[in-house]
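Report on one structure; see the data block that follows.
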Amino acid sequence: MANRPARERLFHDENRALPRRPRPRRRGRTRPRHAGGPALAGVRANGKQGVLIRHLLSHTSGLSGWEQPGTATELYDLPLSTARPAAQALWWEPGTASG
Numbered sequence: 001m002a003n004r005p006a007r008e009r010l011f012h013d014e015n016r017a018l019p020r021r022p023r024p025r026r027r028g029r030t031r032p033r034h035a036g037g038p039a040l041a042g043v044r045a046n047g048k049q050g051v052l053i054r055h056l057l058s059h060t061s062g063l064s065g066w067e068q069p070g071t072a073t074e075l076y077d078l079p080l081s082t083a084r085p086a087a088q089a090l091w092w093e094p095g096t097a098s099g
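Residue 1 is where the sequence shown starts when you use UniProt numbering, and the numbers rise one by one after that.
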């Protein structure tokens, strides 16, 4: 076996499988199929319990905009720009349409 090339020695039946590299843990990270937990706690009002992270990332959550027109200054006002979508109802069922 010592006379074989390194590639053949690596994949030879007598060799044991190499140990797998451990995968990093996902501490505190949200996954696309999760409901968002505390990250979306303020958005859960008005029937938005079914909105998942994947719906927000793919623009299929039913919250494609504000019901009332807004100005650029209102857009940059973080408390206002997060309270408006949280207070309004969904325009469609999450995951059924894009907008």
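Yeah, the Cβ is synthetic: ideal placement off N, Cα and C, and Gly gets one too.
Whole-Å CB distance - A45 paired with A87, under 8 Å assumed: 7 Å
Endpoints, the alpha helix (DSSP H) within which N85 is located: The sequence as given places Pro at residue 85; Asn does not occur at that position. Per DSSP, P85 belongs to the alpha helix (DSSP H) from L78 to A87.
Complete alpha helix (DSSP H) runs within the stretch 44-73 (minimum length 4 residues, chain order): 53-57
Where T60 falls, given that 16 or more other Cβ within 10 Å makes a residue buried: buried
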